[in-house]
Amino acid sequence: MKKTIIALAIAAVVTAPLGAWAEEKEGKVTKWEKTSRTITFDDGSTYQFNETVKTETMKEGARIRVTYDEKDGKYWATKYEVLQ
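Here this note's numbering is used: the first residue of the sequence shown is 169, the next is one more, and so on.
Okay, here's the thing in structure tokens:
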């Protein structure tokens, strides 16, 4: 019985979708496109904000940290924090 429980626990961890955990990225915003709600960092990576994220304080040149999920080959930012 104990071996079965351990095997099921291992299987659950191994088969869990990798995109289920949000990731973070820090960088300087070099481009902010309000209409598409997309930022580009100084390394060229792009992140799109969903409609629930308030982006009024977003501006080019800001140093930020985004929390994001990857879906369908795109990075979807779920929140951000302006860094000093």
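Virtual Cβ for every residue (Gly too), placed ideally from N, Cα, C.
When you compare only the Cα positions, how much space is there between residue i and residue j?
i	j	result
residue 209	residue 241	17 angstroms
residue 217	residue 196	16 angstroms
Can you list, in chain order, the residues of its chain whose CB lies under 6 angstroms from that of residue i, leaving out five sequence neighbours each side?
i	result
residue 226	200
residue 190	235 and 237
residue 198	208 and 210
Starting from the Cα of residue i, find the closest Cα among the options and give me that residue.
i	options	result
residue 202	247, 228, 195 and 196	228
residue 230	248, 218 and 243	248
Determine the contact status of residue i and residue j, defining contact as a CB-CB distance below 9 angstroms.
i	j	result
residue 214	residue 220	no
Which same chain residues, not among the five before or five after residue i, have their C-beta less than 8 angstroms away from its C-beta?
i	result
residue 233	192, 193, 194, 248, 249 and 251
Going by beta carbon distance, what residues of the same chain come within less than 7 angstroms of residue i, once the five residues before and after it are set aside?
i	result
residue 244	216, 218, 236 and 237
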